[in-house]
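Working notes, beginning with the structure itself.
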Amino acid sequence: MSTAKFGEYGGQYVPEALMPAIEELTDAYERYVLDNEDGFMDEFRERLREFGGRPTPLQHAEQLSERYETNVYLKREDLVHGGAHKLNNALGQVLLAKYMGKERIIAETGAGQHGTATAMAAAHLDMPCEIYMGRTDTNRQRPNVFRMRLNGAEVTPVDVGRGTLKEAISQTMRDWAKTVETTHYVIGSVVGPHPFPKMVRDFQSVISEETRQQLREQTGQLPSSVIACAGGGSNTMGSFHKFVDDDVSLFAVEAGGSSLAVDEERGVAPNSASLTTGTEGVLHGARTKILQDMDGQIMESHSVSAGLDYAGVGPELAHLVETGRITPATVEDDDALSAFHRLSQTEGIIPALETAHAIAWLEDATAEQLGDRVVLTVSGRGDKDLETVLEETAARDIPDGPDMDVFSRNGGINE
Amino acid sequence: MIPSRITEVFDDGPAFIPYLTAGDPTFEESIEYVEALARGGADIIELGLPFSEPIAEGPTIQHAIARSLSGGMTPARFFEFAERLDVDVPLVCMTYYNLIYQYGQREGPEPFVERAAAAGIDGFVVPDLPAEEADPLRAACDAFDRDLIFIVAPTTPEDRLAELLERTSGYVYVQARLGVTGARSDVSEQTSSGLERLEAYDLPAAVGFGISTGEQASEIVAAGADGIIVGSALVDIVADGAETESTESTAEIAARLEEKARELAEGTAVSMQSPPRSERT
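Protein chains in written order, with numbering that gives the first Met the number 0: chain A, 0 to 414; chain B, 0 to 280.
Next comes the structure, spelled out in structure tokens:
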């Protein structure tokens, strides 16, 4: 049996109406995922291969290696079907819902990548699907909204609060409380009540499992360090999980937003760095590190990357940071934007803005921290972020950005 | 165990338990509104302490919470609010666990419960705290002789029910139907079955979620409830007054709340002619 806690973190803080569903899910997780009952994990892995396009490459990045005077390997989750690591978890959960006899899928999404992955998985497995998305995020991630609709999912904008991921999660929990008998809620990260943090981690740990094997094949060794961006933490835990018990340095790079300072009075954090600036509390079903004011009200977070813009983080990550196993780091918006351009130009990979945070941190990291075999997970591709990057790069002076003079104010290219 | 102020209420017949979000839309107006509920016949009053992520609430109470928070409501102000109220009925604080957990300099729920007790709060309902995580709060409530009220949902299985009621005091909050809070015109059949399985336990059962009229209150009492809980139907009246185009004065809104409370209190007191449950087919 798996326990519900990671040290003091985790647990199950949800309305009573959801508790039986959580128990049912825990039972299903233990049977199908942990014990491979009815060959669930075999089918999951086969679908990841055939539908998802796994394994993804572990690419030795030549220009980055030269720049940082070490060997940098990129784990290319941007090449998973749909363009992000999110499919690993979405496919796992939608398949699990099918094994459990559920009839409907709901999910929430911030940047739209989890929503897109869930919509794809639901279409692939022939399940009706509804996605909740904050109104602000539907505006800044329009291509992903369209992709979800193309895959047949309903996309419901959430107008309360600032209209970002935390409001979308609350709204999805409300839907679930009403429809729990027939519906499975595909949580998009290693957050929420037990068993979600463990289950999502297990589905995502295919990243570190492949990395381990691929680097061994290429070098005969384990990585000296692994770097991953951290919002809720599914890419982070997926990239780290199979290395937690090894002598490998693990760095979780959070969104430093525009500043690490927090405005207690206005309840606003101009960052999304829960591991670095957050404090222990209870949010969305788990005890974890969260951005909150002195009274315990959840703060409005900020990041130029919608996918990192969340006031909480997975409880296991909070625990591993607290026990010193994972080192947290932060990167501000401008540096992430700069890294976005740099990777695009030097390696020919347009990364998700989430990933750009991890790339940017390479500039700050010391040779000692990195060691001579660095793995960095490219959590997703940047197509979804092009509008944001265009606007943000035009609005300020971003080093390494292209010459923005060729773009007119309305976004078109001057002939 | 010594009967609490809350359990004593149920000795006098079915209880009418209204809910309002404290501080909605402003501190001063809200004081008048809550006092109007008491004049209208409230037996116990549930006061919402707003949390920024109210995952168990429907749109009506979500908006009330947003109004209250933007009006500057905090846990400290909430306790001042409770102290200011001129009402002679037990008060129950309804809030989410993070606010309870964060209060005060010491870790855990005890500082919150200690301060609440001093402010005259008699009990707590915490919708995101299931029995599994509730031992620290239960212990704090025991230390200050306060009641901890749990919600029983239509989905709660028998084995959980026993475990949950073991930790419950005051009354048990019976969720009439699945979903979030919000007024409905129909009262679910889930209510009767929910009440039936509580008969074996020696705790008053108050039914909430969706009740909006005196007639519904009567029906639910006739179905065996020891109390009815009404939130959204009352918050709707506050919301009418809080709208920018509203021309109603605070006194007029308070009068409407008092009138609605009276309808619901009378509905609770007069159970509709209905055969006892055991005689129904």
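Ideal Cβ placement from N, Cα and C applies to all residues, glycine included. Since the structure is predicted, the reported quantities are computational estimates derived from the model, not experimental observations.
Paired residues, beta bridge with residue i - DSSP
i, result
"K4 of chain A", "A:G9"
"H59 of chain A", "A:Y72"
"V157 of chain A", "A:G133"
"K288 of chain A", "A:E279"
"L147 of chain B", "B:F123"
"S224 of chain A", "A:S248 and A:V373"
"G230 of chain A", "For G230 of chain A, which the question treats as bridged, DSSP gives no partner whatsoever."
"R380 of chain A", "A:P350"
"H183 of chain A", "A:I104"
"I325 of chain A", "A:L249"
"I297 of chain A", "A:Q291"
"C19 of chain B", "Sequence inspection shows Leu at residue 19 of chain B; the Cys mentioned does not correspond to that position. Answer is B:L46."
"A204 of chain B", "B:V171"
"I227 of chain B", "B:F15 and B:V206"
"V267 of chain A", "A:D262 and A:E299"
"E331 of chain A", "A:G256"
"A83 of chain A", "A:G379"
"G311 of chain A", "A:I289"
8 Å contact criterion, which residue i and residue j should meet: CB distance rounded
i, j, result
"F9 of chain B", "G40 of chain B", "With 8 Å as the limit, F9 of chain B and G40 of chain B do not qualify as a contact, their Cβ atoms being about 15 Å apart."
"V388 of chain A", "L336 of chain A", "7 Å"
"E42 of chain A", "L94 of chain A", "7 Å"
"A355 of chain A", "F339 of chain A", "4 Å"
"D292 of chain B", "Y170 of chain B", "Because chain B here runs from 0 to 280, residue 292 of chain B falls outside it and cannot be looked at."
"S258 of chain A", "G311 of chain A", "Actually they do not touch by this definition, with Cβ atoms about 19 Å apart."
"I130 of chain A", "G114 of chain A", "4 Å"
"G266 of chain B", "T190 of chain B", "That pair is no contact at about 15 Å."
"A152 of chain B", "A16 of chain A", "4 Å"
Buried versus exposed call for residue i [16 or more other C-beta atoms within 10 Å across all chains shown]
i, result
"D244 of chain A", "exposed"
"T181 of chain A", "exposed"
"Y12 of chain A", "buried"
"T235 of chain A", "buried"
"N143 of chain A", "buried"
"F145 of chain A", "exposed"
"A364 of chain A", "buried"
"G100 of chain A", "exposed"
"R148 of chain A", "exposed"
"E166 of chain A", "buried"
"S248 of chain B", "exposed"
"E106 of chain B", "exposed"
"M93 of chain B", "buried"
"R279 of chain B", "Low confidence applies here, because R279 of chain B scores a pLDDT of 40, under 50, leaving its location unreliable; read the following figure in that light. Burial call: exposed."
"N270 of chain A", "buried"
"M403 of chain A", "exposed"
"S245 of chain B", "exposed"
"N35 of chain A", "exposed"
"P398 of chain A", "exposed"
"D23 of chain B", "buried"
"A3 of chain A", "buried"
"A181 of chain B", "The residue asked about is misnamed: residue 181 of chain B is Gly in this sequence, not Ala. G181 of chain B comes out buried."
"E109 of chain B", "buried"
"A394 of chain A", "exposed"
"G10 of chain A", "buried"
"Q92 of chain A", "buried"
"G203 of chain B", "One detail in the question is off: residue 203 of chain B reads as Pro in this sequence, not Gly. Buried."
Cβ-heavy atom distance, residue i to the ligand SAH, below 7 Å
i, result
"Q104 of chain B", "With respect to small molecules bound, the structure shown includes none, and the ligand SAH cannot be examined in it."
Next on the checklist: At a CB distance below 8 Å, what residues from the region 292 to 321 of chain A approach chain B? Give them in sequence order.
Outcome noted: M293, D294, G295, Q296 and I297
Checklist entry - Just by C-beta distance, which residues in the region 206 to 222 of chain B are closer than 9 Å to chain A? => result none
Item to check | Length at least 4, wholly inside the region 34 to 105 of chain B: the alpha helix (DSSP H) runs in chain order | outcome: 58 to 69, 74 to 83 and 96 to 101
Item to check | beta strand (DSSP E) segments (min. 3 residues) lying fully within the region 97 to 150 of chain A | outcome: 103 to 108 and 128 to 133
Item to check | Positions along the region 148 to 177 of chain B whose CB lies within less than 8 Å of some CB in chain A | outcome: F149, I150, V151, A152, P153, T154, T155, P156, R159, L163, Q174 and L177
Next on the checklist: For the region 362 to 384 of chain A, list every residue whose C-beta sits within 9 Å of some C-beta in chain B, in sequence order.
Outcome noted: none
Checklist entry - Closer than 7 Å, Cβ to any Cβ of chain A: which residues of the region 109 to 131 of chain B, in chain order? => result P126, D127, L128, P129 and E131
Item to check | Chain-ordered residues of the region 83 to 113 of chain B with a beta carbon less than 9 Å from chain A | outcome: Y95, Y96, N97, L98, I99, Y100, Q101, Y102 and E106
Next on the checklist: Tell me which residues of the region 22 to 53 of chain B have at least one Cβ-Cβ distance to chain A shorter than 9 Å, keeping chain order.
Outcome noted: P49, F50, S51, E52 and P53
Item to check | Within 9 Å of chain B by C-beta, residues of the region 9 to 29 of chain A in sequence order | outcome: G10, Q11, Y12, V13, P14, E15, A16, L17, M18, P19, A20, I21 and E22
Item to check | Interfacial residues, the region 53 to 79 of chain A to chain B, with Cβ spacing under 7 Å | outcome: none
Item to check | chain B contacts made by the region 178 to 202 of chain A, where a contact means CB separation under 8 Å | outcome: T178, V179 and E180
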